[in-house]
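*Asks:* Mapping the sequence shown onto the numbering used here, position 34 (from 1) lands on 34, and the numbers just tick up by one.
Beta carbons: idealized from backbone N, C-alpha and C, even for Gly.
Remember, it's a predicted structure, so these values are computed and weren't measured experimentally.
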Amino acid sequence: MKLWAGRFSKEADKQLDDFNSSISVDSRMIKEDILGSIAHAAMLKKQGIIAPGEADKITAGLQDILHDLQSGALTVDMEAEDVHTFVEATLTERLGETGKRLHTARSRNDQVALDVRLYLRGRGEQLKKDLAALVTVLADKAAQHQETILPGYTHLQRAQPVTFAHHLLAYAQMFLRDMGRIGDALERMNEMPLGSGALATTTYPIDRWYTAELLGFSAPCANSLDGVSDRDFCVELAAALSLVMVHLSRFAEEIILWCSWEFRFVELDDAFSTGSSIMPQKKNPDIAELVRGKSGRVFGDLMALLSMLKGLPLAYNKDMQEDKEAVFDACDTVSACLAAFTPMVRTMRVNKQAMRHAAAAGFINATDCADYLVKKGMAFRDAYKLVGGLVAECIEKGKTLETLSLEEYKAASPVFESDVYEAIDLKNCTMGRGAYGGPAVESTTAQIDLVRKKLSEMEEKA
Ligand code: ARG
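#1: Return helix, strand or coil for residue 20, following the three-state DSSP convention.
#2: Check whether chain C comes within 8 Å of residue 369, counting only Cβ atoms and requiring the distance to be less than that.
#3: Go through the stretch 360 to 413 residue by residue and report every complete run of the alpha helix (DSSP H) that reaches 4 residues or more, in order.
#4: To which residues of the same chain is residue 68 closer than 8 Å at the C-beta, ignoring the five residues directly before and after it?
#5: Taking the Cβ atom as the reference point for each residue, do residue 406 and residue 424 lie within a distance shorter than 8 Å?
#6: Excluding the 5 residues flanking residue 409 on each side, which residues of the same chain have their C-beta closer than 7 Å to its C-beta?
#7: Just the C-alpha distance for residue 221 and residue 188, rounded to the nearest angstrom, thanks.
#8: Can you tell which of 351, 251, 196 and 259 has its C-alpha closest to the C-alpha of residue 212?
#9: Run the CB neighbour count on residue 265, radius 10 Å, all protein chains shown included, and call it buried at 16 or more, exposed below.
#10: Closer than 8 Å is the cut-off here; do at least three beta carbon pairs connect the stretch 122 to 130 with the stretch 96 to 104?
#11: Quick check for students: name the residue ranges of the beta strand (DSSP E) that lie wholly in the stretch 90 to 177, counting only runs of 3 or more.
#12: Does the Cβ of residue 8 have 16 or more other Cβ atoms within 10 Å, making it buried, or fewer, making it exposed?
#13: For residue 289 and residue 336, I'd like the C-alpha separation in whole angstroms.
#14: Beta carbon of residue 470, beta carbon of residue 351: below 8 Å?
#15: Grouping DSSP H, G and I as helix and E and B as strand, with all else coil, what is residue 78?
#16: Quick one: is the Cβ of residue 320 within less than 7 Å of any heavy atom of ligand 1?
#17: Write down the C-beta distance between residue 164 and residue 135 rounded to the nearest angstrom, noting that I regard them as a contact closer than 8 Å.
#18: Using the three-state DSSP reduction, which class does residue 267 fall into: helix, strand or coil?
#19: For residue 115, collect the residues of the same chain with a Cβ closer than 8 Å to its Cβ; drop the 5 residues on either side in sequence, then sort them by chain order.
#20: Ligand 2 heavy atoms versus the CB of residue 112: any closer than 7 Å?
#21: With a threshold of 7 Å on Cβ separation, who are the neighbours of residue 227 within its own chain once the five nearest residues in sequence on each side are excluded?
#22: Going by the beta-carbon positions, is the gap between residue 245 and residue 295 smaller than 8 Å?
#23: Going by DSSP in three states, residue 433 sits in which element: helix, strand or coil?
#24: Considering only residues of the same chain and omitting the five flanking positions on each side of residue 123, which have a CB-CB separation below 7 Å?
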């Protein structure tokens, strides 16, 4: 029997019922639905809208349902229309007449808006913790590689020397921003829609501030039409999660490159790679590839949410039932990716020699060679051109800037002295970049400290 049976004389078509139903997606919010109802009942009692005895029975009944769900004594009926209908029907089945009083001064429209916020609040907090675990691994690994030199790239061409710590700490910054963005979304999400009713509140003397306080919201939504129509918070969370996936996919791509025999900068632990069914030599970085691939799903979820909301008139429209599948999938995907990615990064072995070798071969000290001439008084443009000529000479002779003789240097410019070798020494070039944010040890130490400080600040706030 349907909730709205009074108005209807015909049973709905079974296929249409299935089409209309959202229980397979929204049953995961059952705890939030029950907790929201318990707070609603408490408010109805305090305001004298329902008798105290009945309110107490409703509260106890809802707690029993929650308990029975957790113990397995009660399972969700997948034939129900949605989670709200299931909880109310079960309560009424158990309490009779009293159960029917719970829905006083409430609509499923404000109820679902509440449940989604409560549910996403929990998921968002957990995702922030998952990101913090990754950032912690990055900071710890960075601390071990402050002197591990590798080429930094632009256009995927060897450019200037950096350290592995410096490189990892760049990702730490991205994931810290992601945590901040999720936190911002959660903060704006933290307004309580219950009491908006179907769209225009209610004539009952409800106390929305009280319900908001009971459920840990900062305030009730200020406008009831907005309260039931707003799904910005789903979009904001999906957008923040899309950026998490952008960052994960960039990192995944680098790890995939680094694992190749062309680079051999890192080796993934056996537990985080797979073999080939035919090629015995293979060790494939599947997890990194899958993470890179799954980014598309989350962008799709964001696009689905935006398209669903675009052009919707106020207030609730059934289109909005599509919100949950998209935003839940975004949460599930990011959480699964992080669960695989973080231990993969933690256990990967770093091949310092291969990194150092690559750093020695790509003329990544050419800028430093030009800077050497500038420090001796030459204009940078002239120095740039002169060193470009030296690099061409090296390529022709199969040499590096380190192995050019002083005579060869002097032939290019009399300004060169024997101290040029010190100026282009890779270690000196890297450790000389001590500006704020750079690769030198004192700078990466400061970055690690900053990352750890931000992590603990965010932890304290949570
Ligand atoms: N299952 C619905 C949803 O997820 C709940 C709200 C239903 N409200 C309505 N007026 N049909 O959006």
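*Replies:* For this structure:
#1: Within the sequence shown, numbered from 1, the residue matching residue 20 stands at position 20. Residue 20 falls in the helix class under three-state DSSP.
#2: Looking at the structure shown, chain C is missing, and only one protein chain is on hand.
#3: 366 to 375, 380 to 397 and 406 to 412
#4: Residue 68 sits at position 68 when you count from the first residue of the sequence shown. Correct list, in chain order: 74.
#5: On the sequence shown, residue 406 is found 406 positions in, with the first residue counted as 1. On the sequence shown, residue 424 is found 424 positions in, with the first residue counted as 1. No, these two residues do not count as a Cβ contact at 8 Å.
#6: Here residue 409 is taken as the residue at index 409 of the sequence shown, counted from 1. For residue 409, where only same-chain residues beyond five positions count, the Cβ hits under 7 Å are 416 and 420.
#7: Here residue 221 refers to the residue found at position 221 when the sequence shown is read from its first residue. Here residue 188 refers to the residue found at position 188 when the sequence shown is read from its first residue. Computed Cα separation, rounded: 10 Å.
#8: Along the sequence shown, read from residue 1 onward, the residue named residue 212 stands at position 212. When only C-alpha atoms are compared, the closest one is 196.
#9: If you number the sequence shown from 1, residue 265 lands on position 265. By the neighbour-count rule (16 or more Cβ atoms within 10 Å), residue 265 is buried.
#10: Segments in contact, no.
#11: 149 to 154 and 157 to 163
#12: Taking the first residue of the sequence shown as 1, we reach residue 8 at position 8. Result: exposed.
#13: Counting from one through the sequence shown, the residue named residue 289 turns up at place 289. Counting from one through the sequence shown, the residue named residue 336 turns up at place 336. Each residue's alpha carbon lies about 14 Å from the other.
#14: An answer regarding residue 470 cannot be provided, because it is not within the stretch 1 to 462 covered by the chain.
#15: As a first step, residue 78 is located in the sequence shown; it is residue number 78 there, counting from the start. Residue state, collapsed to three classes: coil.
#16: Residue mapping note: residue 320 aligns to position 320 of the sequence shown, counting from 1. For ligand 1, at least one heavy atom lies less than 7 Å from the Cβ of residue 320.
#17: Looking up residue 164 in the sequence shown gives position 164. Looking up residue 135 in the sequence shown gives position 135. 16 Å between Cβ atoms; not a contact.
#18: On the sequence shown, residue 267 is found 267 positions in, with the first residue counted as 1. DSSP places residue 267 in strand when its eight states are reduced to three.
#19: Locating residue 115 in the sequence shown gives position 115, where the first residue counts as 1. Correct list, in chain order: 26, 29, 32, 33, 36, 83 and 84.
#20: This structure does not include ligand 2; its bound ligands are ligand 1.
#21: Locating residue 227 in the sequence shown gives position 227, counting from the first residue. If we look at residue 227 and ignore the five residues flanking it on each side, its Cβ neighbours are 110, 113, 193, 196 and 221.
#22: Working through the sequence shown from its first residue, we reach residue 245 at position 245. Working through the sequence shown from its first residue, we reach residue 295 at position 295. It is a contact, given that the beta carbons lie within the stated cut-off.
#23: If you number the sequence shown from 1, residue 433 lands on position 433. Residue state, collapsed to three classes: coil.
#24: Start at 1 with the first residue of the sequence shown, and residue 123 comes out as number 123. Hits under 7 Å: 331.
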